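The next block holds one structure in the form of C-alpha cells; read it before the comments.
2 protein chains.
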Amino acid sequence: MTERISSVDTFDIRFPTSRHRDGSDAMNPFPDYSAAYLVLRSTAGAEGHGFVFTVGRGTEIEVAAIRSLAPMVVGQPVDALVADPGALARQLIGDSQIRWLGPEKGVVHMAAGALVNAVWDLAARRAGRPLWSLLAALTPEQIVAQIDWRYLRDALTEDEALTILRDAAPGKAERERTLLDEGYPAYTTTPGWLGYDDEKLARLCRQAVSDGYRLIKLKVGADLGDDVRRLAIARRAVGPDVGIAVDANQVWGVPDAIGWMRELAPFDPYWIEEPTSPDDVLGHAAIRSALAPIRIATGEHMHNAVMFKQLLQAGAADVVQIDACRVGGVNENLAILLLAAKFGVPVCPHAGGVGLCELVQHLAMFDFVAVSGTAESRAIEYVDHLHEHFTAPVRIANGRYVAPRTAGMSAQMLPATLAAYRYPDGPRWAGADPSDGGQR
Amino acid sequence: MTERISSVDTFDIRFPTSRHRDGSDAMNPFPDYSAAYLVLRSTAGAEGHGFVFTVGRGTEIEVAAIRSLAPMVVGQPVDALVADPGALARQLIGDSQIRWLGPEKGVVHMAAGALVNAVWDLAARRAGRPLWSLLAALTPEQIVAQIDWRYLRDALTEDEALTILRDAAPGKAERERTLLDEGYPAYTTTPGWLGYDDEKLARLCRQAVSDGYRLIKLKVGADLGDDVRRLAIARRAVGPDVGIAVDANQVWGVPDAIGWMRELAPFDPYWIEEPTSPDDVLGHAAIRSALAPIRIATGEHMHNAVMFKQLLQAGAADVVQIDACRVGGVNENLAILLLAAKFGVPVCPHAGGVGLCELVQHLAMFDFVAVSGTAESRAIEYVDHLHEHFTAPVRIANGRYVAPRTAGMSAQMLPATLAAYRYPDGPRWAGADPSDGGQR
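Which chain is which? The protein sequence lines are A and B, in order. full-length UniProt numbering puts the first residue of the first sequence at 1, with every later residue one more than the last. full-length UniProt numbering puts the first residue of the second sequence at 1, with every later residue one more than the last.
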C-alpha cells in the first residue's frame, strides 16, 4: 500500500501573553501570541507539524484557510510529497480560484506556507535529520528545482542561483562542523518591549550582556520622549560596544520615520526596523537614503519573494529579515535567501512570537552552511517566550543558537499545550472572558 | 432609542460560470464567479449591502473573515457610522491583532473593505442618493478626513488633496448634469475570454462595435500563436479605429512580458494589463520602459493605496485600474483616486466578475464629477455577466454606463439569488458535485 497523507488536523492555539505585555510594541500593544496549528498524518502513522504564527483575534480565519487548502494535501503519496515539496507549494499557491484571495499574500499565502512547512517537517523526520541539515545536503540543482522562478528572473536566474550554491559548496562540511560546535549568533529582543518599565528594561539589558549577546533590540515609535529616555537607559546598561537595534513596527510614514530617527541617531542605533509600511519598498529606499549610515531592516511582514526582490533591487534595506510563517513556506524562503546572497545583503531572521525561533533557525543555518557561507553581520532574533511548549525547543548558549539535532523542523508543540491552550474550548480559555489575555 | 447596527448576515454565493468558460483567462481557466456577501441591518430596519468578489473555492475563507470582523460593527450607532465611515475603516483595518494577518492586504483587508462599502451603501440609502452623488456632495475637507494618510504623505499630503478637490469644484454641477445626460464611457471584455472559439470571438467583437464601444479587451498569455491569431481576428473585426487592450492576468515574468508583447505590438494594443505580478512595481516600470509607447495598466490585484502610491511614484503605469472589492473599501479608493489625480494618470476601473460593475461605477463617476474632472482617456470595464442578480443592475447605452439614480452603492443582490446560489446548501448547489461549475 502506498503511504499517503490521511488527514490534516487543525488547532486554534492562543496564549494570554497580553497580560504581562510581553511582545508589546507601537502597533501591537496587547498581543496574544497564537498559532493556527496543523498536523499532517500519514496512513503509516508519520507526522508533519506546521503553523502560522498569529497574535490573537483572527487566528480562526487562518485556521479556516488551512482547512480550505487541506484537501489538496490529503491523499497525496508521501514519498513523492517529501521528495518534492515544491510541487505541492506550486499547487497550493497557484490554485486558480483561491489565488484570487491573495495572490501570494496574506491569510491564504500563510496557510499554504504552513502546509508546505509541515511537509518539510515530515520530510526531515523521515530523513532522520534536522531540516537545516536536510536542506544543506541537497544539491544545487535540487534546491533550484524547489523554487518558483516565474517572477524572479529579472533579478536572479536559475543559472545565477546555481553559481551561488556551487560557489558555496567547497566549505560546506567545515561550516557544518563549525555550526555544530559553535552554534549561530543570536540577538535578543527580550529587554525591549514597549510595555516594560525602566527598571525592568535596565535589568534585562544588563542580563542580555551578561548572557553573551552582542546585539539587543528595543521597540520605539509610540512616544519620542520615552524612546530617548529608554535608549539612554539601554545604552548606559549595555555600554558602547553592544549594538542596540530599534524597531518601529510600521508606525511611521516616510517623513515621520526620517524625522523621528534623526532624534534617536545620537544613541547609535544598529538598525531601524520596519520604519514604515512593509509594502513600501520605495519608502524604505527614501528613508535609507535620508538616514545613512543608519541601517534599514525589514521583512517580517513582507508577504512574498517579489517584495523582497524589489527591496533588494531598490537598494532599500541593509538587513533582510525573513520570517518562517509569513511567506509560502520553506520553498519561498529558499528563493529569498538566494536573492539576498545575490545582492550581498545579510539575512537576520525575524523570530520571537511563538515558535518562530524554532522554525527560522533552520533557514539561517542552511544559509550559513550552503548559501551565503558566512554568519558575519548576521544574527537570528531571540525572545525567551513560550519555548517550553515545544517538543524540541531552541537552545541558546552564550548568546548563540545551538544547532538543533532533532529530526524535523522543530515545529511540534507538546500535546498538553494543544489541549490546554486550544481556543476557545481549551481549559485555559473555557469560561474565560474571550477578550481576556485578550485585552485590546 | 439610538438606532444601531443590530446584525451582520453573511452569505457564500457562487455562480457556476466555469461551465461556459465565461471569465476564462491565462491564470483563471475555470472561474466560478462568487461573492462573500453581507447585509448590515439596523435596529430601525435599515440595510447596507456589501461583498467581496471571489472566483469560487476559498469564498468560505472570505466569509469567515467578514464574520470575524463583524462584531466591530454590530452595536455601532448608525448616525455616527454613516457620518464617518472612515472611523470604522480605521478600526477594522487597524485592529492590532487582526492586522497581523495582512497588514492591509488579502483576505482580512477585503473583508474590511466589504464592511466599509456596506456602510457607504447604508449611508447613501439614508441620504436617498446614489453613492457617486453622495460622495460628490461632500466638501473637500470631508473627503480628506475620510482617508488614512499615515503612509501616503511622501507622495500626497492632505493639503495637496484639498487643492485637487478645490480646483475641481467649479465645474462640478455642470459635470453632474453631463453625467446624468450622457453617462460614462465603458469598454467591454465580453468578446475576449480565452475559452471562446474564434467564431465567437469575431462575432462578439463585431457586436461590441455595433453596440457603440470604442475599446475592447482580449485575454492573452496562454499561447503566443493563439494570441497572434486571435488579435488578428479581433483587429479585422473591429477595424483600425477601435482600441484593443490586452490582458495577461499576471502570467509572465518581466523578461517574458517584454518578449511576448513585442510579438503582439504589430496589432497596436491599446494597453497591456497585468503583464506580471501585481506586487512588482519595479517590474512594471521595467516593462513600461521596454515596451513604450504601449501603455501599461494594472491595479485590480494591487492590495492597498501604498502599492498604488509606489506604482505612480515609479512611473510604472499609464492606466490605474481600481477595484471596488480589493482594497479597504470606498475610503481607500478615495485615496487612490486622489493619488492618480496628483500624478495625472487616468483611472479605468476593473469590473466584471459579479457586481464589480455595479460598485465601481460610483467611484469612477465621483472621480469625473469631483476629482479628475474629466472622462478623457477613461472608461469603466464592462462585462455582460450576472447583472440580472442585482436589484439595481448597471445599465449600458451606446457603450456608456448610465449614471445610476437608485439610492445606495448598487450592491444589493436579489433575495431569490441569495437563496438559490448559496453555497453549498442553495438549490443550485445542493446535491451537486462540489467541484461542478467548479472545474479546475
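Even for Gly, the Cβ is constructed at its ideal location relative to N, Cα and C. Just so it is clear, the structure is predicted and the values come from calculations on it, not from any experiment.
At a Cβ threshold of 8 Å, is residue i touching chain B?
| i | result |
| --- | --- |
| residue 440 (chain A) | Annotation note: pLDDT 37 at residue 440 (chain A) (below 50); position unreliable, coordinate value reported separately. Output row for residue 440 (chain A): interface = yes. |
| residue 420 (chain A) | no |
| residue 16 (chain A) | no |
| residue 60 (chain A) | yes |
| residue 277 (chain A) | yes |
| residue 261 (chain A) | no |
| residue 436 (chain A) | Per-residue confidence for residue 436 (chain A) stands at a pLDDT of 47, beneath the threshold of 50, marking its modelled position as unreliable; the derived number appears in the next sentence. Answer no: the Cβ-Cβ gap between residue 436 (chain A) and chain B never drops below 8 Å. |
| residue 223 (chain A) | no |
| residue 68 (chain A) | yes |
Any Cβ of chain A within less than 8 Å of the Cβ of residue i?
| i | result |
| --- | --- |
| residue 98 (chain B) | yes |
| residue 255 (chain B) | yes |
| residue 65 (chain B) | yes |
| residue 89 (chain B) | no |
| residue 73 (chain B) | no |
| residue 306 (chain B) | yes |
| residue 153 (chain B) | yes |
| residue 286 (chain B) | yes |
| residue 28 (chain B) | yes |
| residue 150 (chain B) | yes |
Residue i touches chain B at which residues, Cβ-Cβ below 7 Å?
| i | result |
| --- | --- |
| residue 303 (chain A) | 105 |
| residue 313 (chain A) | 282 |
Taking Cβ-Cβ distances shorter than 8 Å, what residues in chain A pair up with residue i?
| i | result |
| --- | --- |
| residue 281 (chain B) | 281, 282 and 310 |
Report the residue from the options whose alpha carbon sits nearest the alpha carbon of residue i.
| i | options | result |
| --- | --- | --- |
| residue 235 (chain B) | B:217, B:221 and B:222 | B:217 |
| residue 56 (chain A) | B:85, B:375, B:99 and B:371 | B:99 |
| residue 229 (chain A) | A:409, A:199, A:270 and A:208 | A:199 |
| residue 409 (chain B) | B:355, B:368 and B:279 | B:355 |
| residue 140 (chain B) | B:167, B:284, B:125 and B:381 | B:167 |
| residue 397 (chain A) | A:209, A:426 and A:425 | A:209 |
| residue 219 (chain B) | B:344, B:23 and B:343 | B:23 |
| residue 331 (chain A) | A:340, A:113, A:41 and A:420 | A:113 |
| residue 214 (chain B) | B:224, B:378, B:412 and B:344 | B:378 |
| residue 179 (chain A) | A:338, A:157 and A:373 | A:373 |
| residue 177 (chain B) | B:159, B:67 and B:132 | B:132 |
| residue 34 (chain A) | A:119, A:58, A:40 and A:43 | A:58 |
| residue 482 (chain A) | A:31, A:39 and A:16 | Past the edges of chain A, shown from 1 to 440, lies residue 482 (chain A), and the structure says nothing about it. |
| residue 118 (chain B) | B:279, B:66 and B:302 | B:66 |
| residue 338 (chain B) | B:155, B:111, B:109 and B:123 | B:155 |
For a contact meaning CB atoms closer than 9 Å, what does residue i contact in chain A?
| i | result |
| --- | --- |
| residue 31 (chain B) | 96, 97 and 100 |
| residue 108 (chain B) | 58, 61, 106 and 107 |
Just the chain B side, please: which residues come within less than 8 Å of residue i by C-beta, in chain order?
| i | result |
| --- | --- |
| residue 249 (chain A) | Residues of chain B passing the Cβ test: none, with the nearest at roughly 10 Å. |
| residue 398 (chain A) | The premise fails here: residue 398 (chain A) is roughly 32 Å from chain B at the closest Cβ pair, so nothing lies under 8 Å. |
| residue 6 (chain A) | Neighbours of residue 6 (chain A) on chain B: none; closest Cβ ~20 Å, over 8 Å. |
Does DSSP put residue i in a helix, a strand or coil?
| i | result |
| --- | --- |
| residue 143 (chain B) | helix |
| residue 375 (chain B) | coil |
| residue 322 (chain A) | coil |
| residue 437 (chain B) | In this prediction, residue 437 (chain B) scores a pLDDT of 46, lower than 50, which makes its location untrustworthy; the coordinate-derived value is nonetheless stated afterwards. If DSSP states are grouped into helix, strand and coil, residue 437 (chain B) belongs with coil. |
| residue 129 (chain B) | coil |
| residue 21 (chain A) | coil |
| residue 94 (chain A) | helix |
| residue 170 (chain A) | coil |
| residue 77 (chain A) | strand |
| residue 4 (chain A) | strand |
| residue 150 (chain A) | coil |
| residue 422 (chain B) | strand |
| residue 427 (chain A) | coil |
| residue 185 (chain B) | strand |
| residue 163 (chain A) | helix |
| residue 157 (chain A) | coil |
| residue 104 (chain B) | coil |
Kindly list, in the order they appear in chain A, the residues whose Cβ is closer than 7 Å to that of residue i.
| i | result |
| --- | --- |
| residue 56 (chain B) | 97 |
Should residue i be listed as close to the ligand SAM, given that the test is whether its C-beta is under 7 Å from any heavy atom?
| i | result |
| --- | --- |
| residue 68 (chain B) | With respect to the ligand SAM, the structure shown offers nothing to examine, as it has no ligands at all. |
query: Mind pulling the beta strand (DSSP E) runs of 3 or more residues that sit fully within the stretch 253-309 of chain B?
result: Within the stretch 253-309 of chain B, the runs of beta strand (DSSP E) at least 3 residues long that lie entirely inside it are, in chain order, 269-273 and 295-298.
message: Ignoring anything shorter than 4 residues, give me the alpha helix (DSSP H) runs that lie fully in the stretch 187-261 of chain A, in order along the chain.
response: 198-210 and 224-238
query: Can you list the beta strand (DSSP E) stretches of 3 or more residues lying completely in the stretch 339-415 of chain A, in chain order?
result: 380-382
query: At which residue ranges does the stretch 7-72 of chain B contain complete alpha helix (DSSP H) runs of 4 or more residues, listed in the order of the chain?
result: 59-69
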